[in-house]
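Right, one structure below, let's go through it.
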Amino acid sequence: MDLQILAQNVRRLRNAKRLSQRALADVAGLSLPAVKNLELAKSEPRMRTMQAIARALDVKIQVFFQPVRELHTVRFRSAKRMQNRENVLAEVAKWLDDFNFLEKCMNKQMPFSLMGVRTQCAPDLLIESAGLCRKKLGLKPTEPIHDICGLLEQAGVKVFPIPMASDSFFGLSVGEADGGPAVVVNIWERISVERRIFSAAHELGHLMLHPEAYDVAKVEESKEEEQEADRFAGHFLMPNEGFRKEWNEASGLHFVDRVFKIKRIFRVSYKTVLLRLVEDGAVDKSIWMKFNMAYQQRFNRKLSFKEEPMGIDSAEPFGMQRFDFYEDRFSRLAREAVEKDSISISRGAEMLRIGIEDMQDLLQNWEVIL
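For the sequence shown, counting from 1, position 174 maps to 173 in numbering that gives the first Met the number 0; every step adds exactly one.
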């Protein structure tokens, strides 16, 4: 038994549950010194002690003894200090290991197709950099991106949707040296689908513009780099040529309807549309106030800055649904591996982060349509 691995995992999982050492001891029916000694790796615990802690943390006992690979080339910044940062990194490392195992097992590794154009991308050429990436991915100058996850996965970028109750963390990305490139996007229910799509494009911007900034030890945000990745994402999702075409064609609509139409076509936030108008010099910054006034007059309510319209009125466009941001390559590889007996059903369930009963239901659904 490796006491250091055991101590690290207990501490990490306890923090993920937001429990103090005393709270864990109380829930598990143990003494506080017993929990402290365990996390300090001072002595080998009894099995019943580990069983009690596993029940208290609602995990399988074997997870305590599994080593967690340390990631190094990670860009993981947050506007606020995150208590469960260590747990998120451990989950991402495990997912990456599973993903790369499935790729190798099925002989379906995907090269990073944007590697060749990365040397031509630069922060002072943001619009051009976004255009280079779009061209390399086969997108036309006016073409919207209908499936950001599928597009990134075809480019060899792994996509990991992870739900985390935080409005200050939208995503992170991992470099090639750690098994990437990969982007991780927070799909917490309170984060709009438009924000999830933008976060994926934002992390691609970091991969293309800031490869030297991938260091897991760095936790403070660089405002300049964040703004550069934001602009890249805006132009990657909504290229100027396409934006101007659609904006001009919608010139007869009410201002609010016009913004919403463009937002829906390019699957971006209404704020991205307004920002592009400011960036192009078509309007000044007073457009934000004017839009909110027009929105309030139209729907008889205010629109908060963090809010994305979700269709409370029949005239207002409905917000995007979760299937507008849906990763499927990992689950497809897992299905192939299970069906070819390359991995067991229980291993497939573990990889997909579901219980064995849910896995049985999934197997039945796979058989409905081949």
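We put the CB at the ideal spot given by N, CA and C, even for glycine.
Inter-residue Cα distance where the pair is residue i and residue j
| i | j | result |
| --- | --- | --- |
| phenylalanine 221 | histidine 209 | According to the sequence shown, residue 221 is serine rather than phenylalanine. Cα to Cα, serine 221 sits roughly 11 Å from histidine 209. |
| glutamate 263 | arginine 352 | The residue you asked about is not glutamate; residue 263 is arginine in the sequence shown. Between arginine 263 and arginine 352, the C-alpha separation is close to 32 Å. |
| leucine 257 | alanine 249 | Per the sequence shown, the amino acid found at residue 257 is arginine instead of leucine. Cα to Cα, arginine 257 sits roughly 6 Å from alanine 249. |
| methionine 207 | alanine 129 | 9 Å |
| aspartate 177 | glutamate 224 | 22 Å |
| glycine 96 | leucine 151 | Reading off the sequence shown, one finds aspartate at residue 96, where the question assumed glycine. In a straight line, the C-alpha of aspartate 96 is about 19 Å away from that of leucine 151. |
| phenylalanine 75 | valine 215 | 7 Å |
| asparagine 36 | serine 42 | 7 Å |
| tyrosine 269 | lysine 157 | 27 Å |
| isoleucine 311 | arginine 195 | Model confidence at isoleucine 311 stands at a pLDDT of 40, short of 50, so the residue's coordinates are unreliable and nothing is read from them. |
| serine 19 | leucine 332 | 39 Å |
| glutamate 315 | isoleucine 355 | With a pLDDT of 47 at glutamate 315, under the threshold of 50, the predicted position of this residue should be treated as unreliable, and no value is reported. |
| glutamate 188 | histidine 253 | 31 Å |
| leucine 2 | methionine 350 | 26 Å |
| arginine 10 | valine 277 | 48 Å |
| lysine 301 | lysine 289 | 12 Å |
Counted within 10 angstroms of its Cβ, other Cβ atoms place residue i as buried (16 or more) or exposed
| i | result |
| --- | --- |
| proline 140 | exposed |
| aspartate 360 | exposed |
| threonine 271 | buried |
| isoleucine 261 | buried |
| histidine 205 | buried |
| tryptophan 365 | exposed |
| proline 44 | buried |
| serine 313 | Low per-residue confidence applies at serine 313: pLDDT is 45, beneath 50, and the placement is therefore not dependable enough to give any value. |
Collapsed DSSP secondary structure at residue i in the structure displayed
| i | result |
| --- | --- |
| proline 160 | strand |
| arginine 334 | helix |
| serine 345 | helix |
| valine 173 | strand |
| valine 116 | helix |
| valine 429 | Because the chain in this structure spans residues 0 to 369, residue 429 falls outside the shown range and cannot be described. |
| arginine 74 | strand |
| leucine 208 | helix |
| asparagine 8 | helix |
| arginine 84 | helix |
| glutamate 202 | helix |
| tyrosine 325 | coil |
| methionine 46 | helix |
| proline 110 | coil |
| glutamine 65 | coil |
Beta-carbon spacing of residue i, residue j below 8 Å
| i | j | result |
| --- | --- | --- |
| glycine 233 | leucine 203 | no |
| alanine 89 | valine 67 | yes |
| alanine 293 | valine 267 | no |
| phenylalanine 242 | serine 198 | no |
| arginine 13 | leucine 70 | no |
| glutamate 338 | methionine 105 | no |
| lysine 135 | leucine 113 | yes |
| asparagine 185 | isoleucine 147 | no |
| serine 172 | valine 182 | yes |
| alanine 6 | alanine 40 | yes |
| histidine 201 | aspartate 166 | no |
| proline 122 | glutamate 227 | yes |
Problem set entry | Minimum length 3: unbroken beta strand (DSSP E) runs contained in the segment 18 to 46 | none
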